[in-house]
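Visitor: Sending over a structure as structure tokens; questions will come in a sec.
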Amino acid sequence: MPPNKDRTIFLIDGQSFYASCEKAAHPELANKPVAVGDPERRSGIILAACPIAKSKGVTTAERVGEAMAKCPDLVVIRPRMQRYITISLLITEIFESFTDQVEPYSIDEQFLDVTGTIGQFGSAEKLANQIQEHVRLSTGVWSRVGIGPTKILAKQATDNFSKKRPDGIFRLDYDNIERDLWPLPIHQMFMVGSRMTKNFMYMGLQSIGDVARMPLPDFKRRLRQRMGKQSDIQAEYYWQTARGIDPSPVVASIRGDLKSVSHGKALRSSLYRKLPDIEVVLLELVVEVCRRARRHGYQGRVVSVGAAETDGERSSGFGRQLTLPHATSLTHEVAEAAMKLFTENWRGLPVSHLYISLTQLSDDSTYQLTLFDDRAAAYDIERATDQIKDRYGSGAIMRASSLLASGVARERSGQIGGHYK
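All the letters of the sequence shown, read from the start, carry residue numbers 18 to 438 under this note's numbering.
The structure is reproduced here in structure tokens:
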């Protein structure tokens, strides 16, 4: 008997999630093609497109200008990330009213273990329909549900079948995997990208079934010939994925102890050629890293700085770290170390990316006092600043250097993940 055959797991996906959220907020757009992107930047990309827009050729990740050329009546709405996060959290609460085993996979996808819930509804399909209706009535978002005895089968059921069915529900288990999943082309297997597809095609493995039917030792040997000795772990992963084998449980709380706190920023290298301009951004990254560390109750002993440099012809980069005398999450202490690391390792080329991290973390409920600095007072000031930002937003209080042309903190304060709130 295959492992975990008695489990019933859902992978629930919100259809065109960002676009669905916007159409729910704008009922007048119900029958119009809608996409989420920045309408003022035709070179920007489409983050999501509703089914009507997709039927007219609009695709996710294409440029706004290209999408509008295909679909002149396309309504492009600027993203509102905070709204999407709020709706995602509301959907999580809905799922938790059906089962306490809910694991977010992304902002619009979540795993549910409903093994102990099905008996109240008669079947997994009836339960899935109940959840769909509850989410639709509460948020306006239509959900697709993949059902399977493992997380990997539930995921592949959603991606390959549920999204194409009118009812948005499909069950993929060990009774129909050979009939329904194995005939699909290899690129439709979960976690097989374009590069891996080329490797499989070169090996003559054109369908998911071609991988699944091959004995594992033979598959390992052939992949090793193609990709080298280090490919054995990959071979086992893809072979198990093709056969629906996945022992991992649905974990309601996926956050463990933090190992690092970090922040990075991609930059327009043409604007960051001089050290004073670069230092402004470096300090802003340190401010955010220290704030995040304090929010989670951590301080760190090791500061790391990474940078990418390019002048269009030459490119280089570095990553260096420095161990401090004592753990800290004070901005001025981390900034001093970060500036030292950067200036000692920067080759002088324009900078296209900066990265700061704090590792070797420890609890900040106690910290080292020093003879000449009042670290207790410094922490009081930093935490008071944190409270102001938490209440009124990141832009409520910031360093004067962030108001310079080279600063990015003021713009980022109105964004989440690089997009507008």
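C-beta atoms are modelled at their ideal positions from N, C-alpha and C, and glycine is treated no differently.
Looking at the structure shown, is G410 part of a helix, part of a strand, or coil, going by DSSP?
Guide: Here residue 410 refers to the residue found at position 393 when the sequence shown is read from its first residue. In the structure shown, G410 sits in coil (DSSP, three-state: anything other than H, G, I, E or B).
Visitor: Check whether the Cβ atoms of A42 and I63 sit closer than 8 Å, and answer yes or no.
Guide: Within the sequence shown, the letter at position 25 stands for residue 42. Within the sequence shown, the letter at position 46 stands for residue 63. Against a cut-off of 8 Å, the Cβ pair of I63 and A42 comes out as no contact.
Visitor: Scan the stretch 334-413 and note each continuous alpha helix (DSSP H) run of 4 residues or more that stays entirely inside, going in chain order.
Guide: The qualifying runs are 348-362, 392-409.
Visitor: What would DSSP say about S160, mapped onto helix, strand or coil?
Guide: As a first step, residue 160 must be located in the sequence shown, where it is residue number 143. Strand at S160.
Visitor: Following a CB-centred definition, is K180 positioned closer than 7 Å to any heavy atom of the ligand MN?
Guide: Absent from the structure shown: the ligand MN. Ligands present: none.
Visitor: Need the endpoints of the beta strand (DSSP E) that Y122 sits in, please.
Guide: Position 105 of the sequence shown, counted from the first residue, corresponds to residue 122. Residues 119-123.
Visitor: Which of helix, strand or coil does DSSP assign to Y315?
Guide: In the sequence shown, counting from the first residue as 1, residue 315 sits at position 298. Of the three classes helix, strand and coil, the one that applies to Y315 here is strand, per DSSP.
Visitor: Does the Cβ of G163 have 16 or more other Cβ atoms within 10 Å, making it buried, or fewer, making it exposed?
Guide: Locating residue 163 in the sequence shown gives position 146, where the first residue counts as 1. Buried, since its Cβ has 16 or more Cβ neighbours within 10 Å.
Visitor: Within a Cβ cutoff of 8 Å, which residues of the same chain sit near M18, ignoring the five residues on either side of it in sequence?
Guide: Within the sequence shown, numbered from 1, the residue matching residue 18 stands at position 1. Unreliable placement is indicated for M18, whose pLDDT of 41 sits below 50; no coordinate value is reported for it.
Visitor: For M18, which three-state DSSP category applies?
Guide: Along the sequence shown, one-based indexing puts residue 18 at 1. Because M18 carries a pLDDT of 41, less than 50, the predicted location of this residue cannot be relied on, and no value is offered for it.
Visitor: Across the stretch 170-179 and the stretch 198-207, are there enough close Cβ pairs to call them in contact, namely three or more that are closer than 8 Å?
Guide: Yes: at least three Cβ pairs fall under 8 Å.
Visitor: Rounded to the nearest angstrom, what separates S114 and G61 at their Cα positions?
Guide: Here residue 114 refers to the residue found at position 97 of the sequence shown. Here residue 61 refers to the residue found at position 44 of the sequence shown. Cα to Cα, the separation comes out at about 39 Å.
Visitor: For K276, which three-state DSSP category applies?
Guide: For the purposes of this step, residue 276 is taken as residue 259 along the sequence shown, with counting starting at 1. The answer is coil: DSSP assigns K276 none of H, G, I, E or B.
Visitor: If we count the other Cβ atoms within 10 Å of its Cβ and call it buried at 16 or more, is A413 buried or exposed?
Guide: What you label residue 413 is simply residue 396 of the sequence shown in a count that begins at 1. Per the 10 Å Cβ criterion, exposed.
Visitor: Among the candidates R364, P121, Q338, D381, whose CA atom is the shortest distance from the CA of A355?
Guide: Counting from 1 along the sequence shown, the entry for residue 355 is found at position 338. The shortest C-alpha separation from A355 is found at Q338.
Visitor: So, are the CB atoms of T109 and V93 less than 8 Å apart?
Guide: On the sequence shown, residue 109 is found 92 positions in, with the first residue counted as 1. On the sequence shown, residue 93 is found 76 positions in, with the first residue counted as 1. No. Outside cutoff.
Visitor: Between which two residues does the beta strand (DSSP E) harbouring V75 extend?
Guide: As a first step, residue 75 must be located in the sequence shown, where it is residue number 58. No beta strand (DSSP E) contains V75, which DSSP labels as neither H nor E.
Visitor: Considering only C-alpha positions, which residue in the set Y191, V51, V53, F27 is nearest to G133?
Guide: The residue you call residue 133 lines up with position 116 of the sequence shown. Here the closest residue by C-alpha is F27.
Visitor: So is F447 buried or exposed if we call it buried at 16+ other beta carbons inside 10 Å?
Guide: Any question about residue 447 goes unanswered here, given that the chain covers just 18 to 438.
Visitor: Please classify A417: is it buried, with 16 or more other beta-carbons within 10 angstroms of its beta-carbon, or exposed?
Guide: For the purposes of this step, residue 417 is taken as the residue at position 400 of the sequence shown. Per the 10 Å Cβ criterion, exposed.
Visitor: Okay, do the stretch 283-291 and the stretch 368-377 touch, 3+ Cβ pairs below 8 Å being the bar?
Guide: Judged by Cβ distances under 8 Å, the stretch 283-291 makes contact with the stretch 368-377, as three or more pairs qualify.
Visitor: Which residues mark the beginning and the end of the beta strand (DSSP E) in which E113 is found?
Guide: Here residue 113 is taken as the residue at index 96 of the sequence shown, counted from 1. From DSSP, E113 is part of no beta strand (DSSP E) but of the alpha helix (DSSP H) over 98-113.
Visitor: Taking the alpha helix (DSSP H) that Q81 belongs to, which residues open and close that run?
Guide: Working through the sequence shown from its first residue, we reach residue 81 at position 64. Reading the sequence as shown, one finds Val at residue 81 and not Gln. From DSSP, the alpha helix (DSSP H) with V81 extends over 81-87.
Visitor: Are V53 and A78 touching if we call contact CB-CB under 8 Å?
Guide: One-based indexing of the sequence shown puts residue 53 at position 36. One-based indexing of the sequence shown puts residue 78 at position 61. No, the pair does not count as a contact, with Cβ atoms beyond the cut-off.
Visitor: Out of H151, S279, N193, E150, state which residue places its alpha-carbon closest to the alpha-carbon of P166.
Guide: For the purposes of this step, residue 166 is identified with residue 149 of the sequence shown, where counting begins at 1. It is N193.
Visitor: Which residues in the same chain have their Cβ closer than 8 Å to the Cβ of H313, if we skip the five residues on either side of it in sequence?
Guide: Translated into the one-based positions of the sequence shown, residue 313 becomes position 296. Once the five neighbours on either side are set aside, the close Cβ partners of H313 are L275, V278.
Visitor: For S321, count neighbouring C-beta atoms within 10 Å of its own C-beta (all shown protein chains included) and say buried if the count is 16 or more, exposed if not.
Guide: Residue numbering aside, residue 321 sits at position 304 when the sequence shown is read from its first letter. So S321 counts as buried.
Visitor: Does I295 pass the burial test, meaning 16 or more other C-beta atoms within 10 Å, or should it be called exposed?
Guide: Locating residue 295 in the sequence shown gives position 278, where the first residue counts as 1. Label assigned to I295: buried.
Visitor: Using a 10 Å radius around the Cβ and a threshold of 16 neighbouring Cβ atoms, would you call I104 buried or exposed?
Guide: In the sequence shown, the residue the question calls residue 104 occupies position 87. Buried, by the Cβ-count rule.
Visitor: Any contact between the stretch 382-397 and the stretch 322-335? By contact I mean 3 or more CB pairs, one from each, below 8 Å.
Guide: Contact between the stretch 382-397 and the stretch 322-335 is absent, because fewer than three Cβ pairs lie under 8 Å.
Visitor: Return the chain-ordered list of same chain residues with a C-beta closer than 8 Å to the C-beta of K406, the five sequence neighbours on each side being excluded.
Guide: Looking up residue 406 in the sequence shown gives position 389. Counting only Cβ-Cβ distances below 8 Å, and skipping sequence neighbours, we find R308, A413, I414.
Visitor: Quick one: is Y315 buried, meaning 16 or more other Cβ sit within 10 Å of its Cβ, or exposed?
Guide: Against the sequence shown, residue 315 aligns to sequence position 298. So Y315 counts as buried.
Visitor: Indicate whether P367 and R290 have their beta-carbon atoms separated by less than 8 Å.
Guide: On the sequence shown, residue 367 is found 350 positions in, with the first residue counted as 1. On the sequence shown, residue 290 is found 273 positions in, with the first residue counted as 1. A contact, by the Cβ cut-off of 8 Å.
Visitor: For A344 and P50, what's the separation of their Cα atoms in angstroms?
Guide: Taking the sequence shown and counting its residues from 1, one reaches residue 344 at position 327. Taking the sequence shown and counting its residues from 1, one reaches residue 50 at position 33. Straight-line Cα distance between these residues: approximately 53 Å.
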